[in-house]
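Novice: For reference, each letter of the sequence shown is one residue, going 3 to 579 in the numbering used here.
Quick reminder that beta carbons are idealized off the backbone N, C-alpha and C, glycines included.
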Amino acid sequence: MAAGGESSESQVRKRRVDSGGTKADCAPSCDGNEADSGGEVEKDRRLRELRLQPGTYWLTRIVLLRSVSFIYFVAFSVAYNQNKQLIGEHGLMPCKSYLNSVKRYVGGKIGAAALAYAPSVLWFLSWTDMDANLDGVALAGMTLSGFVLVTGTANMPIMAALWVLYHSLVNVGQLWYSFGWESQLLETGFLAIFLCPVWTLSRFPRQCPPSVICIWTFRWLIVRIMLGAGLIKIRGDKCWRDLTCMDYHYETQPVPNPISYYLHRSPWWFHRFETLSNHFVELVAPFFTFMGRRMCAVNGAIQVLFQVVLIISGNLSFLNWLTIVPSLSCFDDASLSFLFGSGARRTVLEIQNAEKSGSNDKPSKGMLIRRVANASLGILIGCLSVPVVMNLLSSRQVMNTSFDPLRIVNTYGAFGSVTKERTEVIFQGTLSADPKDPEAVWEEYQFLCKPGDVYRRPCFISPYHYRLDWLMWFAAFQTYEQSEFVIHIAGRLLSNDSTVLSLLHHDPFQGREPPRWVRGEHFIYKFSQPGSASAAQGKWWLRKRIGAYFPAVDLQGLRGYFQSRNWPHPHIPTKTQ
Numbered sequence: 003m004a005a006g007g008e009s010s011e012s013q014v015r016k017r018r019v020d021s022g023g024t025k026a027d028c029a030p031s032c033d034g035n036e037a038d039s040g041g042e043v044e045k046d047r048r049l050r051e052l053r054l055q056p057g058t059y060w061l062t063r064i065v066l067l068r069s070v071s072f073i074y075f076v077a078f079s080v081a082y083n084q085n086k087q088l089i090g091e092h093g094l095m096p097c098k099s100y101l102n103s104v105k106r107y108v109g110g111k112i113g114a115a116a117l118a119y120a121p122s123v124l125w126f127l128s129w130t131d132m133d134a135n136l137d138g139v140a141l142a143g144m145t146l147s148g149f150v151l152v153t154g155t156a157n158m159p160i161m162a163a164l165w166v167l168y169h170s171l172v173n174v175g176q177l178w179y180s181f182g183w184e185s186q187l188l189e190t191g192f193l194a195i196f197l198c199p200v201w202t203l204s205r206f207p208r209q210c211p212p213s214v215i216c217i218w219t220f221r222w223l224i225v226r227i228m229l230g231a232g233l234i235k236i237r238g239d240k241c242w243r244d245l246t247c248m249d250y251h252y253e254t255q256p257v258p259n260p261i262s263y264y265l266h267r268s269p270w271w272f273h274r275f276e277t278l279s280n281h282f283v284e285l286v287a288p289f290f291t292f293m294g295r296r297m298c299a300v301n302g303a304i305q306v307l308f309q310v311v312l313i314i315s316g317n318l319s320f321l322n323w324l325t326i327v328p329s330l331s332c333f334d335d336a337s338l339s340f341l342f343g344s345g346a347r348r349t350v351l352e353i354q355n356a357e358k359s360g361s362n363d364k365p366s367k368g369m370l371i372r373r374v375a376n377a378s379l380g381i382l383i384g385c386l387s388v389p390v391v392m393n394l395l396s397s398r399q400v401m402n403t404s405f406d407p408l409r410i411v412n413t414y415g416a417f418g419s420v421t422k423e424r425t426e427v428i429f430q431g432t433l434s435a436d437p438k439d440p441e442a443v444w445e446e447y448q449f450l451c452k453p454g455d456v457y458r459r460p461c462f463i464s465p466y467h468y469r470l471d472w473l474m475w476f477a478a479f480q481t482y483e484q485s486e487f488v489i490h491i492a493g494r495l496l497s498n499d500s501t502v503l504s505l506l507h508h509d510p511f512q513g514r515e516p517p518r519w520v521r522g523e524h525f526i527y528k529f530s531q532p533g534s535a536s537a538a539q540g541k542w543w544l545r546k547r548i549g550a551y552f553p554a555v556d557l558q559g560l561r562g563y564f565q566s567r568n569w570p571h572p573h574i575p576t577k578t579q
């Protein structure tokens, strides 16, 4: 109360008079200020009323489901645009041939053995038009994931369907689906199934609260991902221990972007700081997860920020976007409420208040069954984690490996070794009848994103992914005997095959005769120096020829090579008159 029994209102009136003016004089401005102040106070009061309590995960569930569905949507989009060329009827590695080989291997029947070896719904579809099957799977995945992304709601059948559909592609994708993030998406997607109610599509199903066990399985996933990545580095390339890996990474990573060009030229001390920061994020911060709510949120923030930096600095497919997903489980409703409007926050607050007051309905039989299912999930993940943890502790650690056919719990890791020099395979073709003719004109093919033309700016594609471009990065530091698909591509280029050409950016023989000969040239690539004469000429890259990657080949000469591998021999085009 005010001193002397005066009301606060009378005190305000005195202060107004003492300030040197009458109420009438200051009425317009003072009344307006009072109204504004009152509005702010009311707004603050309402915000305080909607302040959520920590420890619940209703909003976290929505964020996780939308995030997982976004990654699924990207992955199925990549599949829709590239599967026909890679594993379709006329693809580089037809999945029909692969399924037939699996079928022969397991005794010629499509049964449990075949499903265990390569789990896929394609076993149950007609193989007369495999391209249509692949498109159907991809489109179904895009449709379901798009629905969850837009609405923020899902149930177990939808998320299970997404998991089965993507499994069906990964298990027949062969070399093109051999990346670690495929297993990571399948593990993340499997956990997302148990986030959802069984049938309802409500965003806040009162009878199915988010399972704390499920939230912790996501947290366990991000811990394993980061520890796996950190330990494989410390045990792997010496440059991670002497803090020099980042001197090379931006230039030699699979698919650099324009930011990589400038980051590569950062001062030496900045690269040392980056490497030390990487070790802290991957080897120290994950343990914050087990140190209480606030430290868990700190780890989540660190991991999200780290992945954003990686997204900005290179085209690593949807790997970094996917790694953000389990990091979000480190935040509860109180932490994520700023992402939602007042309606969602009010609903969650009502649920929290009802739970606090004990006015919630008695658990139904379905809720009790669900609790058993959640506990079973925890036990399953715990049991399947045993070999994964043993692998983490082993001095012979392997990365990106699955210990079960369904890829429910996997090992992870990235860049255990860093290449110190960037090499590229450049396909060239000529119309000359003699490839050894010094007058022969060799023209270059350009891929969609990987370096080729030194004047071409590096691309921005993340989270999208060009699978062939990535495999060409691996091929460049192997031999063509180790990467036989390179010769398969050469044969397709000799016949102007539209399927393979659709995976390229530039065909120098478009609208002309197909080349008579194709060869692979091996080059060292380096970023040009910003501000140098080369950069002023528009060159992003400088390159130096190493030698031939594979010799000049023609279709006739490849006939035996193709037959020995059961590849269909490309059609020899009719010469233009």
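Got a sec, what are the start and stop residues for the alpha helix (DSSP H) Leu506 sits in?
Specialist: That residue, Leu506, is in no alpha helix (DSSP H); its beta strand (DSSP E) goes 506–508.
Novice: With DSSP run on the structure shown, which of helix, strand or coil describes Gly522?
Specialist: Note: Gly522 maps to strand in three-state DSSP.
Novice: According to the neighbour-count rule (16 or more other Cβ atoms, all chains shown, within 10 Å of its Cβ), is Met293 buried or exposed?
Specialist: By the neighbour-count rule (16 or more Cβ atoms within 10 Å), Met293 is not buried but exposed.
Novice: Could you pull the start and end residues of the beta strand (DSSP E) that Pro553 belongs to?
Specialist: Counting along the chain, the beta strand (DSSP E) containing Pro553 begins and ends at 543–555.
Novice: Mind checking which residues open and close the alpha helix (DSSP H) that includes Phe220?
Specialist: Where Phe220 is concerned, the enclosing alpha helix (DSSP H) stretches over 214–237.
Novice: Entirely within the stretch 40–110 and at least 4 residues each: give me those alpha helix (DSSP H) ranges in chain order.
Specialist: DSSP runs (the alpha helix (DSSP H)) wholly in the stretch 40–110: 60–89, 97–107.
Novice: For Tyr527, which residues does DSSP report across the bridge?
Specialist: Arg424, Arg545.
Novice: For His573, count neighbouring Cβ atoms within 10 angstroms of its own Cβ and tell me buried if that reaches 16, exposed if not.
Specialist: Per the 10 Å Cβ criterion, exposed.
Novice: Can you tell me where the alpha helix (DSSP H) holding Thr254 begins and where it ends?
Specialist: Where Thr254 is concerned, the enclosing alpha helix (DSSP H) stretches over 248–254.
Novice: Taking the alpha-carbon positions, what's the Ile112 to Tyr100 distance?
Specialist: One C-alpha to the other measures close to 13 Å.
Novice: Would you give the residue range spanned by the alpha helix (DSSP H) that Phe275 belongs to?
Specialist: 270–285 is the span of the alpha helix (DSSP H), which, as asked, contains Phe275.
Novice: Please list the terminal residues of the continuous alpha helix (DSSP H) segment that includes Val411.
Specialist: Per DSSP, Val411 belongs to no alpha helix (DSSP H) and is neither H nor E.
Novice: Could you tell me the boundaries of the alpha helix (DSSP H) in which Met474 lies?
Specialist: Segment 469–478, the alpha helix (DSSP H) holding Met474.
Novice: Inspect the beta-carbon positions of Pro453 and Tyr551 and report whether they are closer than 7 Å.
Specialist: Not in contact: Pro453 and Tyr551 (Cβ atoms no closer than 7 Å).
Novice: Which residues in the same chain as Pro30 place their Cβ atom closer than 7 Å to its Cβ, once the five residues preceding and following it in sequence are excluded?
Specialist: Summary for Pro30: the model assigns pLDDT 45, below 50, so the residue's position carries little reliability, and this model does not support an answer.
Novice: Helix, strand or coil: which one does DSSP assign to Glu184?
Specialist: If DSSP states are grouped into helix, strand and coil, Glu184 belongs with the helices.
Novice: At what residue ranges does the stretch 315–348 contain a whole run of the alpha helix (DSSP H), taking only runs of 4 or more?
Specialist: For the stretch 315–348, whole alpha helix (DSSP H) runs of length 4 or above, ordered along the chain, are 321–329, 335–338.
Novice: Evaluate Thr576 with the Cβ neighbour count: other Cβ atoms within 10 Å of its Cβ, from every protein chain shown; 16 or more gives buried, anything less gives exposed.
Specialist: With a pLDDT of 49 at Thr576, under the threshold of 50, the modelled position of that residue is not reliable, and the figure given next carries that caveat. Per the 10 Å Cβ criterion, exposed.
Novice: Counting Cβ pairs, one atom from each stretch, are 3 or more of them under 8 Å apart for the stretch 234–248 and the stretch 335–343?
Specialist: Counting Cβ pairs under 8 Å, fewer than three are found: no touch.
Novice: Measure the alpha-carbon distance for Gly175 versus Trp323 and round it to whole angstroms.
Specialist: Their backbone Cα atoms lie some 22 Å apart in a straight line.
Novice: So Leu66 and Phe220 are in contact, right, with Cβ under 8 Å, and what is the actual spacing, rounded?
Specialist: Leu66 to Phe220, Cβ: 7 Å. Contact.
Novice: Tell me the DSSP secondary structure of Glu352 in three-state form.
Specialist: Three-state result, Glu352: helix.
Novice: Can you name, in chain order, every residue of its own chain whose Cβ lies under 8 Å from the Cβ of Pro56, other than the five neighbours on each side?
Specialist: Cβ within range, chain order: Arg295, Asp334, Asp335, Ala336, Ser337.
Novice: Going by the beta-carbon positions, is the gap between Thr254 and Arg424 smaller than 7 Å?
Specialist: Yes, the Cβ-Cβ distance between Thr254 and Arg424 is below 7 Å.
Novice: If you draw a straight line from the C-alpha of Trp569 to the C-alpha of Arg494, how long is it?
Specialist: Approximately 11 Å, taken between the alpha carbons.
Novice: Spatial neighbours of Ile234 within its chain, please: CB distance less than 7 Å, with the 5 preceding and 5 following residues excluded, ordered by chain position.
Specialist: The answer, listed in chain order, is Gln399, Met401, Gly415, Gly418.
Novice: Do the stretch 129–146 and the stretch 181–190 touch if we need at least three Cβ pairs shorter than 8 Å?
Specialist: Touching, no.
Novice: What do you get for Met228, buried or exposed, if any count of 16 or more other CB atoms within 10 angstroms of its CB means buried?
Specialist: Buried: at least 16 other Cβ atoms inside 10 Å.
Novice: Classify Phe196 as helix, strand or coil using the three-state DSSP reduction.
Specialist: Coil.
Novice: Helix, strand or coil: how does DSSP classify Thr190 here?
Specialist: Helix at Thr190.
Novice: If you reduce the DSSP assignment to three classes, tell me which class Ser464 lands in.
Specialist: Residue state, collapsed to three classes: coil.
Novice: Buried or exposed: where does Met392 fall if 16 or more other Cβ atoms within 10 Å of its Cβ makes it buried?
Specialist: Exposed, because fewer than 16 other Cβ atoms sit within 10 Å of the Cβ of Met392.
Novice: Pick helix, strand or coil for Glu357, following the three-state DSSP scheme.
Specialist: Helix.
Novice: What would DSSP say about Thr145, mapped onto helix, strand or coil?
Specialist: In this structure, Thr145 counts as helix in the three-state DSSP scheme.
Novice: Which whole-angstrom value is the C-beta distance of Phe462 and Val76, which I expect to be below 8 Å?
Specialist: That belief does not hold up - the Cβ atoms of Phe462 and Val76 are roughly 14 Å apart, past 8 Å.
Novice: Comparing C-alpha positions only, which one of Gly360, Trp178, Thr413 sits nearest to Met95?
Specialist: Per the Cα distances, Trp178.
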